[in-house]
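Structure first, commentary second.
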Amino acid sequence: MYDREVKFKFEDTMNAARIEYTEKGVMHMAARRCDMIRVSRSGAILALNTKYSLPQQFYLDLPDARITKVGCMLMKTFANNTIEVRFLRLLNQKELDRIFVFSTHPAHRDKVLDVRSW
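The opening position of the sequence shown corresponds to residue 1 in our numbering, with each subsequent residue numbered one higher.
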């Protein structure tokens with residue numbers, strides 16, 4: 001299914017993120033910190049701080065941008081503690097703008113958020 005979908009272009013970003021998933025069935029919810037280093041409407045590249053095993057599906061939270069519970073599917077795991085994930089829904093342009101406003105990447109230094117649109 002995911003190989004036939006439209007691929008959107010990744011853009012560099014640097015946002016703090018949190019991965020949430022269940023461990024041991026539905027009894028324990030685990031959260032791990034990570035950094036979002038690239039993002040598109042349909043997916044992201046995440047840099048993990050430590051090496052740990054992830055389930056195939058989990059939630060992604062971006063606390064600075066106030067975006068919560070984005071469903072994700074693990075697509076690829078790279079050797080340098082980075083992973084590629086695919087979102088289970090497309091991000092809209094408002095969410096992408098919000099991500100770029102709160103990014104610490106130099107390319108997004110001049111981005112501003114129009115508060116009238118929220």
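Virtual Cβ for every residue (Gly too), placed ideally from N, Cα, C.
Please read all numbers here as calculations on a predicted model, not as lab measurements.
With a threshold of 16 other beta carbon atoms within 10 Å, G43 meets it and is buried. Between R41 and D12, the gap from beta carbon to beta carbon reaches 9 Å or more. Here L60 is actually not in contact with I83; their C-beta atoms are around 11 Å apart, not less than 8 Å. The Cβ atoms of F8 and D64 do not sit closer than 9 Å to each other.
Under DSSP, E95 takes part in no beta bridge, so it has no partner. In the three-state reduction of the DSSP assignment, V112 falls in the coil class, being assigned neither a helical nor a strand state.
Distance from the CA of N15 to the CA of T22, rounded to the nearest whole angstrom, comes to 23 Å. Q57 and M73 do touch by the CB rule: their CB atoms are close to 5 Å apart, below 8 Å. Looking at K94, N49, H105, the one whose alpha-carbon comes closest to that of A79 is N49.
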